[in-house]
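Residue numbers (this note's numbering), protein chains in the order written: chain A, 1 to 78; chain B, 79 to 338.
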């Protein structure tokens, strides 16, 4: 892959963006943050009809975490 | 004049010419009138060296090969930067998957609780890790889920060969490794595995949407794809590698990736 693309990916692929991509593909997405001591917290994402400001605030909050785990669950169908 | 004397004279003449040329070169470089040319050449040279260094390093981070200098640097970086976080995230996997935190339980033996109403029973047969690199993650996954079979996939042929020789024999038939590109299909049967794990790989996937679709196919219904990310990578890239002082150390290590 070209260097420019990888550098762009580092700038653009935030946990929220990656979570959104999984969501678009039909996964149920959960975002977990993990502190430096390993403590896990489930992050509640704003709903799709929330304001842009609250989405931006959520994104910024995720970016402050040490580690983010994007859990994409393939929905179970009866 | 004897032949030996003549050749000795020729050699000393040659040395004198060389030393004169070197002296002239030094004189030209140190001449204040040429300072701007010398500075420009030095800056361009340093820039090209920096660019080439990071380009090679980046290629090796995506596709490492321990036999090369940059491959060894990339592997050292992965060990230093990822291993601790990987261990934490894998130790937390049972919490993320909402599995009972009982050491004797394996994924194959438990029911996966779902957030939607009701519960479903899924038997996980296989887990796999994408971009296993040096294999730390596979060993940690194996320890956390001792009853599951593992598949390690990596873009790098060299890492697959290395794992084939060194890792696979340690797993008593529980581990398979193969070369695969997540953007071009994984070659796994549909609905064949319960857990997919990857850490800091998303930046190297050319097409994120395509990769996500590829990951969906082999997952069992109710199975999870776990993508572990270090947001500092994104923050540092956005901030043009100028972190606040308290993040200095972490940002420096990220810069190694970001600048590439």
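For glycine and all other residues, C-beta sits at the position ideal for the given N, C-alpha and C.
Owing to the predicted nature of the structure, the values given are computational and were not obtained by experimental measurement.
Assigned exposure category for residue i - 16 Cβ within 10 Å defines buried
i	result
residue 305 of chain B	buried
residue 51 of chain A	exposed
residue 290 of chain B	buried
residue 12 of chain A	exposed
residue 105 of chain B	exposed
residue 309 of chain B	buried
residue 221 of chain B	exposed
residue 273 of chain B	buried
residue 129 of chain B	exposed
residue 152 of chain B	buried
residue 74 of chain A	buried
residue 101 of chain B	exposed
residue 233 of chain B	buried
residue 126 of chain B	exposed
residue 99 of chain B	exposed
Cβ-based neighbour list, residue i, same chain, cut-off 7 Å, excluding 5 preceding and 5 following
i	result
residue 22 of chain A	29, 70, 72
residue 284 of chain B	261
residue 55 of chain A	46
residue 107 of chain B	116
residue 264 of chain B	231, 258, 292, 296
residue 97 of chain B	none
residue 9 of chain A	none
residue 144 of chain B	150, 153, 236, 240
residue 303 of chain B	274, 293, 297
Cutoff 8 Å; reference residue i; Cβ partners in own chain excluding five residues on either side
i	result
residue 266 of chain B	206, 229, 295, 296
residue 18 of chain A	70
residue 324 of chain B	Here the model assigns residue 324 of chain B a pLDDT of 37, short of 50, so the residue's position is not dependable, and the following value carries that caveat. So the list is empty, once near-sequence residues are dropped.
residue 286 of chain B	280
residue 181 of chain B	The pLDDT assigned to residue 181 of chain B is 42, lower than 50, so where the model puts this residue is not dependable; a value taken from the coordinates is nonetheless given after this. If we look at residue 181 of chain B and ignore the five residues flanking it on each side, it has no Cβ neighbours.
residue 327 of chain B	Summary for residue 327 of chain B: the model assigns pLDDT 29, below 50, so the residue's position carries little reliability; its value from the coordinates is reported in the next sentence. Hits under 8 Å: none found.
residue 27 of chain A	72, 73, 74, 75
residue 288 of chain B	261
residue 179 of chain B	Caution is warranted here: a pLDDT of 45 is assigned to residue 179 of chain B, below 50, making its placement in the model unreliable, and no coordinate value can be reported.
residue 53 of chain A	none
Proximal residues to residue i (C-beta, below 6 Å), its chain only, five neighbours per side dropped
i	result
residue 42 of chain A	32
residue 253 of chain B	228, 246
residue 257 of chain B	235, 238
residue 36 of chain A	66
residue 114 of chain B	none
Residue from the options with nearest C-alpha to residue i
i	options	result
residue 160 of chain B	A:67, A:75, A:74	A:67
residue 40 of chain A	B:127, B:220, B:282, B:173	B:173
residue 44 of chain A	A:7, A:16, A:25	A:16
residue 131 of chain B	B:273, B:149, B:246	B:149
residue 61 of chain A	A:46, A:8, A:5	A:46
residue 134 of chain B	B:293, B:219, B:147	B:147
residue 38 of chain A	B:96, B:288, B:162, B:104	B:162
residue 255 of chain B	B:109, B:272, B:241, B:125	B:241
residue 24 of chain A	A:59, A:48, A:6, A:64	A:48
residue 268 of chain B	B:154, B:244, B:301, B:94	B:301
residue 292 of chain B	B:316, B:259, B:307	B:259
residue 307 of chain B	A:53, A:57, A:64	A:64
residue 58 of chain A	A:14, A:7, A:5, A:6	A:14
residue 143 of chain A	B:243, B:248, B:137, B:244	Only positions 1 to 78 of chain A appear in the structure, and residue 143 of chain A is not among them; the question remains open.
In DSSP terms, what residue i is bridged to
i	result
residue 297 of chain B	B:271
residue 30 of chain A	A:71
residue 43 of chain A	A:31
Next on the checklist: With three or more beta-carbon pairs closer than 8 Å as the criterion, would you say the stretch 153-169 of chain B touches the stretch 272-282 of chain B?
Outcome noted: Taking 8 Å as the limit for Cβ pairs, the verdict is that the stretch 272-282 of chain B does touch the stretch 153-169 of chain B.
Checklist entry - If we count Cβ pairs, one from each stretch, closer than 8 Å, do we get three or more for the stretch 233-246 of chain B versus the stretch 212-223 of chain B? => result yes
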